[in-house]
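Residue numbers (full-length UniProt numbering): 1 to 411.
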């Protein structure tokens, strides 16, 4: 029987005073894992951190950067990367305390990142989300990002890319260090996650990350003129690497299944069916006659063996569809229509394959920021390449007039 007395030098265990745990407090403090003082209308923790308190305001987003029209100002970062507030009374430097994740991949958000997160919710999300998933990306995805560093890094990278696009800098064609860092970290952590056991709670964060990384792949091109863009620039093995993201996205699709009923993306099921599922190809009678002849669709070769058939079917469906945010998912379906044979033709700069891509790029040249720049530069490069190196292809030259007008090479 255990002894009822303590040994020499020992003290009885200290009991915690009974208390009632508060379930209240603002959402910001809960996300930051700090105790909210519950001051009204703004708690001191939010005031000092520089975000708008949402204690009694359901319409205030989480971690929204507060207006700087308050007493005090923000100083530049010091040598240690800390953000210092100059407020009265004099306080010690405020370190970033929003922790993303809870393992060896976790990291802290500084005020610049908090500001970037706010830009994502209030600005960038409106440039790619649809009516079916706008609220999902504004709120649910951001909430998931607090627990999933690979997702948070992708959000910060896309927003940094959008910042670059909106800047007036002459060098805004090159990725910023911030954009490149968050992109590389997101991709590395995503690959690490996919190589480990996947739980039900991982599926939506994985899909959101794959979608955001796809935007980065599409918007990333360092060319500043057609001569620097594929296919005009000197050939390099990495020329079409950006197309490979479709393969990775399909892999994540199989794991995440965003069409499942309990997914936060389930409202997107009709759009996902358009994007991911095999749709019926055009019948020959529905394809313009000039395409039928040029792409050998009326020859002895079975259509399913013709590498041009599936891509030109998608392009045919898009001929009378303006490229808008609502229709973009139909345009992105083109990427899934390219089989290995067609991609091989692109690597070899086959003139017919290039013409198909020019027809796909054309309507996107004046569309959304994350695709329009690549579309315009590479459409111009394709048109110039075909004019220079395949002038004898009169049918191609005649059909080329449409994408030339769309990309700004002709009026």
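Quick reminder that beta carbons are idealized off the backbone N, C-alpha and C, glycines included.
Q | Candidates 407, 42, 26: closest to residue 225 by CA position | A | On the chain shown, residue 225 is found 225 positions in, with the first residue counted as 1. The shortest C-alpha separation from residue 225 is found at 407.
Q | Contact check, residue 385 vs residue 231, beta carbons under 7 angstroms | A | Along the chain shown, read from residue 1 onward, the residue named residue 385 stands at position 385. Along the chain shown, read from residue 1 onward, the residue named residue 231 stands at position 231. Cβ atoms of residue 385 and residue 231: closer than 7 angstroms.
Q) So, using beta-carbon positions, are residue 227 and residue 173 closer together than 7 angstroms? A) Working through the chain shown from its first residue, we reach residue 227 at position 227. Working through the chain shown from its first residue, we reach residue 173 at position 173. It is not a contact, given that the beta carbons lie outside the stated cut-off.
(Q) Between which two residues does the alpha helix (DSSP H) holding residue 254 run? (A) In the chain shown, the residue the question calls residue 254 occupies position 254. Residues 245–256.
**Q.** Opening and closing residue of the alpha helix (DSSP H) in which residue 144 lies
**A.** In the chain shown, counting from the first residue as 1, residue 144 sits at position 144. Looking at the DSSP string, the run of the alpha helix (DSSP H) that includes residue 144 is 141–147.
Q. Is residue 377 helix, strand or coil by DSSP?
A. Your numbering for residue 377 matches position 377 in the chain shown. Residue state, collapsed to three classes: helix.
**Q.** When 364, 199, 208, 200 are compared against residue 143, the one with the closest alpha-carbon
**A.** As a first step, residue 143 is located in the chain shown; it is residue number 143 there, counting from the start. Closest option to residue 143, Cα to Cα, is 208.
Q: To the nearest angstrom, report how far apart residue 331 and residue 62 are at their CA atoms.
A: Residue mapping note: residue 331 aligns to position 331 of the chain shown, counting from 1. Residue mapping note: residue 62 aligns to position 62 of the chain shown, counting from 1. Going from the Cα of residue 331 to the Cα of residue 62 covers about 33 angstroms.
Q.
Looking at the secondary structure, which residues open and close the beta strand (DSSP E) in which residue 109 lies?
A. Walking along the chain shown from the start, residue 109 turns up at place 109. Segment 107–109, the beta strand (DSSP E) holding residue 109.
Q | residue 59 vs residue 26 beta-carbon contact at 7 angstroms | A | Counted from its first residue, the chain shown places residue 59 at position 59. Counted from its first residue, the chain shown places residue 26 at position 26. Taking 7 angstroms as the Cβ cut-off, residue 59 and residue 26 do not qualify as a contacting pair.
Q.
According to DSSP, simplified to helix, strand and coil, what is residue 396?
A. Residue numbering aside, residue 396 sits at position 396 when the chain shown is read from its first letter. The answer is helix: DSSP assigns residue 396 an H, G or I state.
Q | Burial state of residue 262, where buried means 16 or more other Cβ atoms lie within 10 Å | A | Residue 262 sits at position 262 when you count from the first residue of the chain shown. Exposed, because fewer than 16 other Cβ atoms sit within 10 Å of the Cβ of residue 262.
Q: Assign residue 321 to one of three DSSP states: helix, strand, or coil.
A: Your numbering for residue 321 matches position 321 in the chain shown. Residue 321 falls in the coil class under three-state DSSP.
Q) Taking the C-alpha atoms as reference points, what is the distance between residue 396 and residue 387? A) For the purposes of this step, residue 396 is identified with residue 396 of the chain shown, where counting begins at 1. For the purposes of this step, residue 387 is identified with residue 387 of the chain shown, where counting begins at 1. The alpha-carbon atoms of residue 396 and residue 387 are separated by roughly 9 angstroms.
Q | residue 109 and residue 157 closer than 7 angstroms at C-beta | A | Numbered from 1 along the chain shown, position 109 holds the residue referred to as residue 109. Numbered from 1 along the chain shown, position 157 holds the residue referred to as residue 157. The answer is no: Cβ separation not under 7 angstroms.
Q) Based on the DSSP secondary-structure assignment, which residues constitute the bridge partners of residue 100? A) Working through the chain shown from its first residue, we reach residue 100 at position 100. Partner(s): 107.
(Q) Suppose contacts are defined by Cβ-Cβ distances below 7 angstroms. Is residue 133 in contact with residue 268 by that definition? (A) Looking up residue 133 in the chain shown gives position 133. Looking up residue 268 in the chain shown gives position 268. Between residue 133 and residue 268, the C-beta spacing is below 7 angstroms.
**Q.** Rounded distance between the beta-carbons of residue 245 and residue 220, thought under 8 angstroms
**A.** The residue given as residue 220 occupies position 220 in the chain shown. The residue given as residue 245 occupies position 245 in the chain shown. 10 angstroms between Cβ atoms; not a contact.
Q. Pick from 293, 342, 326, 298: whose alpha carbon is nearest that of residue 394?
A. Within the chain shown, numbered from 1, the residue matching residue 394 stands at position 394. Ranking the options by Cα distance to residue 394, first place goes to 293.
Q. Over what stretch of residues does the alpha helix (DSSP H) that includes residue 290 continue unbroken?
A. Numbered from 1 along the chain shown, position 290 holds the residue referred to as residue 290. Segment 289–294, the alpha helix (DSSP H) holding residue 290.
Q) Is residue 152 helix, strand or coil when you go by DSSP? A) Position 152 of the chain shown holds residue 152. Residue state, collapsed to three classes: helix.
**Q.** Residue from 218, 175, 145, 162 with nearest C-alpha to residue 190
**A.** For the purposes of this step, residue 190 is taken as residue 190 along the chain shown, with counting starting at 1. Residue 145 is the option with its Cα nearest to residue 190.
Q. From residue 309 to residue 282, what does the alpha carbon distance come to, in whole angstroms?
A. Here the question's residue 309 lines up with position 309 in the chain shown. Here the question's residue 282 lines up with position 282 in the chain shown. Taking the straight line from one Cα to the other gives about 9 angstroms.
**Q.** Beta carbon of residue 379 nearer than 7 angstroms to that of residue 365
**A.** Position 379 of the chain shown holds residue 379. Position 365 of the chain shown holds residue 365. Result yes, Cβ atoms of residue 379 and residue 365 sit closer than 7 angstroms.
Q.
Just to confirm my understanding: we take residue 249, look at its own chain, exclude 5 residues before and 5 after, and list those with CB closer than 7 angstroms. What are they?
A. Against the chain shown, residue 249 aligns to sequence position 249. Excluding positions up to five away in sequence, the list reads 210, 214.
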